[in-house]
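The next block holds one structure in the form of structure tokens; read it before the comments.
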Amino acid sequence: MREIENKAVVSLEACNRTIEVASNEITTKPIKLRLEKKQDCDIVLIGENVKFTIEIENQCSTDVENLMFKDRLHDCFHYVEGSFRVNGIEEHPELEDRTLIFEIDQLRSCESVTIEFEVTVTDDCCDCTTEEQSATPTVMPLYQYSPSMNGTGISGATIYVERPSGAVVQTTVYPGGHWNLTLPAPYPSAGQIYKVWQVEPGKEPSEIVTITV
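Each residue of the sequence shown is one higher than the one before, starting from 5 at the first, in the numbering used here.
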């Protein structure tokens with residue numbers, strides 16, 4: 005294996021030149037590790053456990069000491085206490101900021117270590133909440149050639165009106181619960197269909213109210 009030569013030098017600046025006062029030739033060999041992480045299932049339900057298996061192999065010709073293993077858990081996962089195993093022996097890693105930390109004292113040349121632990125899948129993985137639907141607005145009759153639309157709704161909500169062309173215009177419900185809108189030309193004509201719905205802050209759109217001129 006290729007070795008990396010490194011020279012440590014202590015120097016003294018004097019008389020406008022550098023004087024080498026101490027030198028030590030040292031040899032450093034690079035650490036080569038193979039790491040593989042597996043899980044025991046690809047699809048899991050909320051509340052079930054997932055088991056992870058990590059294998060670390062020292063492919064270096066020298067032993068490695070004080071090897072620090074770290075694995076940051078996803079926000080969806082909750083570490084199962086007592087599930088951490090190193091070569092089948094129960095160990096107790098540190099858990100800092102959702103990161104599992106364990107120090108491997110020594111990993112000899114060509115030796116492997118297997119780490120196993122389990123996590124529980126929490127409901128933080130998905131947003132299971134359903135936003136409340138906005139109330140359905142009331143819409144007064146719409147007459148031919150009249151650009152005016154009005155009705156009632158929830159104060160502060162937004163009223164959307166879809167014209168026959170597909171264009172959408174909007175207005176805000178007044179504090180008293182009423183709204184009105186002046187449609188731009190072309191004005192409504194007999195038989196045309198207008199769609200109206202309401203969106204309250206933080207809620208899903210309401211059901212659509214269909215108005216025929």
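Quick reminder that beta carbons are idealized off the backbone N, C-alpha and C, glycines included.
Between HIS78, LEU104, TYR198, which has its C-alpha nearest ARG89's C-alpha?
Mapped onto the sequence shown, residue 89 falls at position 85. Looking from the CA of ARG89, the closest CA among HIS78, LEU104, TYR198 belongs to LEU104.
In chain order, what residues of the same chain have a beta carbon less than 7 Å from the beta carbon of PRO209, not counting five sequence neighbours either side?
Against the sequence shown, residue 209 aligns to sequence position 205. Cβ neighbours of PRO209 beyond the five flanking positions: SER138, TRP201, VAL203.
Identify, in the order they occur along the chain, each residue of the same chain with its Cβ nearer than 8 Å to the Cβ of ASN91, setting aside the five sequence neighbours on each side.
The residue given as residue 91 occupies position 87 in the sequence shown. Answer for ASN91: VAL117, THR118, listed in chain order.
Taking the alpha carbon of LEU187 as the point to measure from, which residue in GLY180, PRO168, PRO205, GLU100 has its own alpha carbon closest?
For the purposes of this step, residue 187 is identified with residue 183 of the sequence shown, where counting begins at 1. Here the closest residue by C-alpha is PRO168.
With 16 other CB atoms within 10 Å as the buried threshold, where does ILE158 fall?
Counting from 1 along the sequence shown, the entry for residue 158 is found at position 154. So ILE158 ends up on the buried side.
From GLY206 to THR162, what distance separates their C-alpha atoms?
Here residue 206 is taken as the residue at index 202 of the sequence shown, counted from 1. Here residue 162 is taken as the residue at index 158 of the sequence shown, counted from 1. The alpha-carbon atoms of GLY206 and THR162 are separated by roughly 11 Å.
Measuring only the C-alpha atoms, how far is GLY180 from GLY51?
In the sequence shown, residue 180 corresponds to position 176, counting from 1. In the sequence shown, residue 51 corresponds to position 47, counting from 1. Distance between the alpha carbons of GLY180 and GLY51 is about 47 Å.
Leaving out five residues on either side along the sequence, give the residues of the same chain with a beta carbon under 8 Å from the beta carbon of GLU107.
Your numbering for residue 107 matches position 103 in the sequence shown. These residues qualify, in order along the chain: ASN70, LEU71, MET72, PHE73.
Alpha carbon to alpha carbon, what distance is there between VAL213 and PRO145?
On the sequence shown, position 141 is the one that residue 145 refers to. On the sequence shown, position 209 is the one that residue 213 refers to. Distance between the alpha carbons of PRO145 and VAL213: 11 Å.
Helix, strand or coil at ASP1 [DSSP, three-state]:
Absent from the structure is residue 1, since the part of the chain shown begins at 5 and ends at 217.
Other residues of its chain near GLU115: CB distance less than 7 Å, five sequence neighbours each side excluded:
The sequence position of residue 115 within the sequence shown is 111, counting from 1. ASN62.
Looking only at C-alpha atoms, which of LEU111, ASN154, LEU99, ASP79 sits nearest to SER65?
The residue labelled residue 65 in the question sits at position 61 within the sequence shown. Of all alpha-carbon atoms in LEU111, ASN154, LEU99, ASP79, the one lying nearest the alpha-carbon of SER65 is that of LEU111.
Output the distance between the C-alpha atoms of ASP79 and ARG102, rounded to the nearest integer angstrom.
Numbered from 1 along the sequence shown, position 75 holds the residue referred to as residue 79. Numbered from 1 along the sequence shown, position 98 holds the residue referred to as residue 102. Approximately 8 Å, taken between the alpha carbons.
Distance, Cα to Cα, SER15 vs VAL68?
Working through the sequence shown from its first residue, we reach residue 15 at position 11. Working through the sequence shown from its first residue, we reach residue 68 at position 64. Since pLDDT at SER15 reaches only 46, below the 50 mark, its modelled position is unreliable, and the value read off the structure follows with that caveat. Separation of SER15 and VAL68 (C-alpha to C-alpha, rounded to the nearest whole angstrom) is 31 Å.
Mind checking which residues open and close the beta strand (DSSP E) that includes GLN110?
Counted from its first residue, the sequence shown places residue 110 at position 106. From DSSP, the beta strand (DSSP E) with GLN110 extends over 103-111.
Does the distance from the C-beta atom of ALA194 to that of VAL217 stay below 8 Å?
Reading the sequence shown from its first residue, position 190 is the one you call residue 194. Reading the sequence shown from its first residue, position 213 is the one you call residue 217. VAL217 sits close to ALA194, with the two beta carbons spaced by under 8 Å.
Which runs of the beta strand (DSSP E), 3 residues or longer, sit entirely within the region 34-64?
Taking 3 residues as the minimum length, the beta strand (DSSP E) runs contained wholly in the region 34-64 are 37-43, 53-62, in order along the chain.
Should ILE93 be labelled buried (16 or more other beta-carbon atoms within 10 Å of its own) or exposed?
Translated into the one-based positions of the sequence shown, residue 93 becomes position 89. With fewer than 16 Cβ atoms within 10 Å of its Cβ, ILE93 is classed as exposed.
Run of the beta strand (DSSP E) containing PHE88, from where it starts to where it stops:
Along the sequence shown, one-based indexing puts residue 88 at 84. Unbroken run through PHE88: none, as it is neither H nor E.
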